[in-house]
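J.: All the letters of the sequence shown, read from the start, carry residue numbers 742 to 931 under this note's numbering.
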Amino acid sequence: MFQPPEVPFPQIHWDFSAITENPEIDPTAWIAPGATLYGRVSVGARSSIWFGAVVRGDHERIDIGEDSNLQDGAILHVDPHSPCKIGNRVSLGHRALVHGATVEDDVLIGISANVLSRAVIGRGAFIAAGALVLEETIVPPGTLWAGVPARQIREVSPELAWRTERTWKHYANNSVAHRAAQKQGIRFTQ
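1) State the DSSP-derived secondary structure class of His800, mapped to helix, strand or coil.
2) Look up Ile753 in the DSSP assignment and say whether it is helix, strand or coil.
3) Cβ atoms of His840 and Leu857: under 7 angstroms apart, would you say?
4) Using a Cβ-Cβ cut-off of 7 angstroms (strictly less than) and excluding sequence neighbours within five positions of Val819, which residues of its own chain qualify?
5) Short check: CB of Ala761 to CB of Arg787, under 7 angstroms?
6) Just the Cα atoms here: how many angstroms apart are His754 and His919?
7) Identify every residue that forms a DSSP beta bridge with Val848.
8) Measuring alpha carbon to alpha carbon, tell me which residue in Asp756, Val784 and Phe757 is nearest Pro764.
9) Report, in whole angstroms, the separation of the C-beta atoms of Trp886 and Ile894, which I expect to be a contact under 8 angstroms.
10) Which of the three DSSP states is assigned to Trp909 in this structure?
11) Quick one: what does DSSP say Ile760 is sitting in, helix, strand or coil?
12) If you draw a straight line from the alpha carbon of Ser853 to that of Ile868, how long is it in whole angstroms?
13) Count the other CB atoms within 10 Å of the CB of Ile927; is the residue buried (16 or more) or exposed (fewer)?
14) Would you tell me roughly how many angstroms separate the C-alpha atoms of Thr777 and Gly814, rounded to the nearest one?
15) Classify Ile879 as buried or exposed, calling it buried when 16 or more other Cβ atoms lie within 10 Å of its own Cβ.
16) Can you grab the Cα-Cα spacing for the pair Pro881 / Gly793, in whole Å?
17) DSSP three-state label for Val917, please.
18) Residues in the same chain with beta-carbon distance under 6 angstroms from Leu838, minus the five sequence neighbours each way, listed in chain order, please.
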């Protein structure tokens, strides 16, 4: 049993027990070499966490649904009392950040976009590359948001909805290929 250390500022929220928990990873999920997951984390079936991604459940839970992908350098983190929930069929682009927020099913978060604490990204929404979704923002289902700070641009078109679907399916296939390559002795050097 781990013993919590004495910390210099005990009045500030911290939860040592979260650090000592092991992530729950579905056996069909793929975690790339060099990705970091720890704490109160669950990863659903056929989801993938790519090179350099960080999933840090060191205070609250981080739950990742099925068929979702965190691309290279993506970050999931939490705030005290603000867990992070990633739904099914969600794609987080390269270097995207979701911090203590909820992302519902069938969403694409673009490259380098940031979603801050207690925001809710509705089902089927599309967050453009580089967008900054501020704390406590509610993004309605099926809408396209862009900008800094992000604002609603329009409804998601059938073309964008197809892009979201194509992206998560591509990453599901790509993770199977990478797992097979590893089993055949291919090394992904760090």
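All C-beta atoms in this analysis are idealised placements derived from N, C-alpha and C, irrespective of residue type, glycine included. Model, not experiment: these values are computed from the prediction.
T.: Taking the geometry as given:
1) strand
2) coil
3) yes
4) Gly798, His800, Glu801, Ile803, Cys825 and Gly841
5) Reading the sequence as shown, one finds Thr at residue 761 and not Ala. Going by C-beta atoms, Thr761 is not nearer than 7 angstroms to Arg787.
6) 39 angstroms
7) The partner list for Val848 (beta bridge, DSSP) is empty, contrary to what the question assumes.
8) Val784
9) 6 angstroms
10) helix
11) helix
12) 10 angstroms
13) exposed
14) 10 angstroms
15) exposed
16) 30 angstroms
17) helix
18) Ile816 and Asn855
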